[in-house]
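From first to last, the protein sequence lines stand for chains V and H. Okay, so the first sequence: first residue is 823 according to our numbering, each after it adds one. Okay, so the second sequence: first residue is 55 according to our numbering, each after it adds one. I have placed the structure first, in the form of structure tokens, so that the comments after it can refer back to it.
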Amino acid sequence: MSQKARWGNLAILSMVLVALVSLAVLAGCGDSTTTTTAGTTATTAGTDTTDTTMAPPEQDKIVIGAARPLSGGLSVFEGNNFGPSYKLWVEDVNAAGGINVAGKMLPIELKIYDDQSDLDTSMRLLSKLMEEDKVDFVLAPASTAFLFAAAGVANANKYIMMSAEGGATSLEKELQKGTLPYFFQGLNYSNHDQMPAWADILKEAGAKTAAVVYLDDLHGIEYQAQAAVFLSAAGIEIVQSTPIPGDIKDMTSILKQIQDKDPDAVAFFAYPGQNILAMQTMMQLDYSPRAVLIGPGGASQWFANMFGDAIDGVMFEGAWSANSSPEAKAYEESLTQFMGSSDNVDHWGALIYRSQLEFFQQAIEKAGTLDQDVIAEVMRTSHFPTSMSSDTFYTNQIFDRTSYAGQIGQWQGGVAEVIDVGDKRTAAPIYPKPAWPAAQ
Amino acid sequence: MMKAKQMTRDKGITLALLAVAFLILALLPQITSGYILTLLIDILKFAVLTVGWVIFSGPSGYMSLATAAFYGLGFYIAAVFSGSIPFSLLILLAGVSSFVVALGVGALTLRLRGVYFTIFTFALVLLVQNVVLEVERVVTQTRGRFVETVSTEGVYYAIFIVFVLTVVSAVLIRRSRYGLALQSIGEHEEAAAHSGINVVWTKVLTFASSAVFMGMAGAIIATRRTYIDPYIAFNLNTSFLPVLMAMFGGMGNLVGPVLGAALFTYIGEILLTRFPDLYMLLFGVVLILSMLFMPNGILGLAQGIWRKMKGGGRAPA
């Protein structure tokens, strides 16, 4: 390469560097796609605590942004879990005229980007929403790993971030450090309070032994660890604990080993794909444990529909039931109508997501401002009625255990019931679980 | 005489342009908002990974897909040591660790050629990912780790410095006897061996050198993530994207990969935020058209236009 050519290259490089900056600045100046949802039904959450002492904001709408998985491996969450919940909430709020901020009704406009189920893209788009689009509020991305990363990014920008499809024991340590003052955890998880509740149910039923099959990911590892703690404390011995990979194709040998040990209860802390395989394999082996607990997916109506009568008596991580309260029943009907079918009603998170948003709306109305700090303080210290509970509140920025409609559910006659020991119970547990129906 | 004067003037203009570009990038955090920095951090990250990839794969013709392995290693170095050692030391440690690992991997595998080497590097990412998964499950009883975050400005300056280091190193390596040896290996490996070049050592050393920057980039970007796990750290997209970016920009020299990384990231962002429903379709069309009509990348296209404008004169190669 000649010297002239080398200097030519360097000249191009320097121009590229300048172009880099220009491109970035240009990217920052552009408009972006906006999705607005119009409302047709009435909001379920009301409040009489509106603060009218504050001056109403000058803006005519509240823009809420999110980087959600519209495509990619996590898109199932947007389609079936938090996605319908936040869209229905916006529809309901707008149908009622909007959110009352210091006497001014502000409708909600959604600005949703597709994060393609990619963490880097998700965090970049979340930054864009807060720093460039300057939306009023942001919603959480899907999955625990994304949620943890987003919590840090939102916190750095002093934006409130309520959890969606995610949550884990390990986040509690971060909250205890006080490093995430704008983060609020809604969804319940292993030690908060599903494993304690399951241990109580098994103890009440007289179970003495259990086996655990868990996916070697954050969800599975944390659940098996917490199950070990709480089942042991309840005097229930774990006779087998087996990790499985996400792409497992055959569980026969694992389930035969468990069958030989004949534990009273078997738990599957895995995702829908593995949980379906586990159910099918148990039925093929004609192995029907006295109690079966299914992780994510098990709380969805489509999972129950898939197994028909065989689902009867199967427990799931959750939980809420249409029988929990008139508000829960109304929400199930509303969600079914919104999605056009009951198939995708999720009896773990759906009511919690809804209640988080209802709580958030009431916090804004009580604060009488769109200021994140003021609203966050209201959220930390206030109690509001929601579809989930007449007294919903956060303790250390995590929904208090008394606020949930339940922790463990069981399919009974095709209906999701809460079987926790105590006053959240909507039906007594079926124990032992009925045998699998005879093959047709 | 006239030619010499012209060259001196060109040299002066080029140095001035470089200085301006450097100054603008260096002062950017003082004059712009967070999102622009965030976007530039991503662009610079991909520029580091793409130039890092081109350092070895460009001249040698060995298509490595190991980028995600070294980048992910940097992630884990950051996760394990964040909060216990200074940020700068963290980055250095990630670079050194990636160098050592790449040296070992290279020594074992760079006797492989062609598609065998590519498949091995692809498998290396999965291997490291699964080893980390298993170690975390057995030793720490969890899957992910929290990382102490660093300010956007801090991350920007760190990735900017690493970007400059990467480009300067790439230029130096290209001009060194190792670079020339690698070039001759890429053209004809047997002939290079017969002319006295230590083929394996040259490949291993350059492969390891390129891994340094990938590891450093990983350690820096991890501090933007709060939480990482093996699937996030060792994402195969991180291996494929730099290859596409280098092809998109052109691999004839080091300007192409930088241009490719910048435009690829920028176009992706524009399409994703303005045409979310058509994003994949439009991006696919852009890629296919660029492969069909710009076989030498954007840089090749620019050089062609330059030649036409200069009436057939030589463009900067």
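Where is the CB? At the ideal position from N, CA and C, for every residue including glycine. Quick caveat, the model's predicted, so the values are computed rather than measured.
Exercise. Say whether chain V places a C-beta atom closer than 8 Å to the C-beta of residue 89 of chain H.
Key: yes
Quiz item: If you draw a straight line from the alpha carbon of residue 1109 of chain V to that of residue 179 of chain H, how long is it in whole angstroms?
Solution: 39 Å
Exercise. Determine the DSSP secondary structure at residue 117 of chain H, reduced to helix, strand or coil.
Key: coil
Exercise. Verify the CB distance criterion: does residue 813 of chain V have a CB-CB separation below 8 Å to chain H?
Key: A query on residue 813 of chain V cannot be resolved here, the shown segment of chain V reaching from 823 to 1262 and no further.
Quiz item: Any Cβ of chain V within less than 8 Å of the Cβ of residue 197 of chain H?
Solution: yes
Quiz item: DSSP three-state call for residue 1051 of chain V: helix, strand or coil?
Solution: helix
Quiz item: According to a CB-to-CB cut-off of less than 7 Å, which residues of the stretch 949 to 967 of chain V neighbour chain H?
Solution: 949, 950, 953, 954 and 967
Quiz item: Assuming residue 949 of chain V and residue 88 of chain H make a contact with CB atoms under 8 Å, what is their CB distance in whole Å?
Solution: 6 Å
Self-check item: Under the three-state DSSP convention, the category residue 1253 of chain V falls into
Solution: coil
Quiz item: Are residue 109 of chain H and residue 260 of chain H closer than 8 Å when you measure CB to CB?
Solution: yes
Quiz item: With 8 Å set as the bound, which would you pick, yes or no: does the beta-carbon of residue 113 of chain H sit closer than that to a beta-carbon of chain V?
Solution: no
Exercise. Check each residue of the stretch 1020 to 1043 of chain V: if its Cβ is closer than 9 Å to any Cβ of chain H, include it; give the result in chain order.
Key: 1038, 1039, 1040, 1041, 1042 and 1043
Self-check item: residue 977 of chain V versus residue 97 of chain H: straight-line alpha-carbon distance, rounded
Solution: 24 Å
Quiz item: Under a three-way DSSP split, which group does residue 996 of chain V fall into?
Solution: helix
Exercise. Please go through the same chain and pick out, in chain order, the residues whose beta-carbon is closer than 7 Å to the beta-carbon of residue 1105 of chain V, but skip the five residues on each side of it.
Key: 1132 and 1258
Exercise. Output, in chain order, the set of chain H residues within a Cβ distance shorter than 7 Å of residue 1065 of chain V.
Key: 191
Quiz item: Who are residue 200 of chain H's beta bridge partners in DSSP?
Solution: H/281
Exercise. Give the secondary structure of residue 858 of chain V by DSSP, where H, G and I count as helix, E and B as strand, and everything else as coil.
Key: Because residue 858 of chain V sits at a pLDDT of 38, beneath the cut-off of 50, its placement in the model cannot be relied upon, and the following sentence gives the value as read from the coordinates. Three-state DSSP puts residue 858 of chain V in coil, outside helix and strand.
Quiz item: Between which two residues does the beta strand (DSSP E) harbouring residue 1062 of chain V extend?
Solution: 1059 to 1066
Quiz prompt | residue 938 of chain V versus residue 93 of chain H: straight-line alpha-carbon distance, rounded | solution = 17 Å
Quiz item: Looking at C-beta atoms only, is the number of pairs between the stretch 174 to 188 of chain H and the stretch 311 to 323 of chain H that lie closer than 8 Å three or more?
Solution: no
Quiz item: Any beta-carbon of chain H closer than 8 Å to the one on residue 973 of chain V?
Solution: yes
Practice problem: Name the two residues that bound the continuous alpha helix (DSSP H) containing residue 917 of chain V. | Solution: 904 to 917
Exercise. May I ask you to report which of helix, strand or coil DSSP gives residue 1036 of chain V?
Key: strand
Quiz item: Between the C-alpha atoms of residue 342 of chain H and residue 298 of chain H, what's the straight-line distance to the nearest angstrom?
Solution: 11 Å
Exercise. Please list the segments of the beta strand (DSSP E) lying wholly inside the stretch 1143 to 1220 of chain V, counting only runs of 3 or more residues, in order along the chain.
Key: 1214 to 1217
Exercise. Confirm, please, whether the CB-CB distance from residue 111 of chain H to residue 127 of chain H is below 8 Å.
Key: no
Exercise. Look up residue 136 of chain H in the DSSP assignment and give the residues it is bridged to.
Key: H/139
Quiz item: In this structure, does DSSP put residue 351 of chain H in helix, strand or coil?
Solution: helix
Practice problem: Spatial neighbours of residue 1210 of chain V within its chain, please: CB distance less than 6 Å, with the 5 preceding and 5 following residues excluded, ordered by chain position. | Solution: 1173, 1177 and 1227
Quiz item: Which term fits residue 145 of chain H, buried or exposed, when burial requires 16 or more other beta carbons within 10 angstroms of its beta carbon?
Solution: buried
Exercise. Measure the Cβ-Cβ separation of residue 1164 of chain V and residue 1123 of chain V and say whether it is below 8 Å.
Key: yes
Exercise. Closer than 7 Å by C-beta to residue 130 of chain H: which residues in its own chain qualify, once you throw out the five before and the five after it? Chain order, please.
Key: 186 and 287
Quiz item: From which residue to which residue does the alpha helix (DSSP H) around residue 818 of chain V run?
Solution: The structure shown has nothing for residue 818 of chain V, since chain V only spans 823 to 1262.
Practice problem: Would you identify the three-state DSSP class for residue 1240 of chain V, choosing helix, strand or coil? | Solution: strand
Quiz item: Which bits of chain V does residue 330 of chain H rub up against, with CB to CB less than 7 Å?
Solution: 855, 892, 935 and 936
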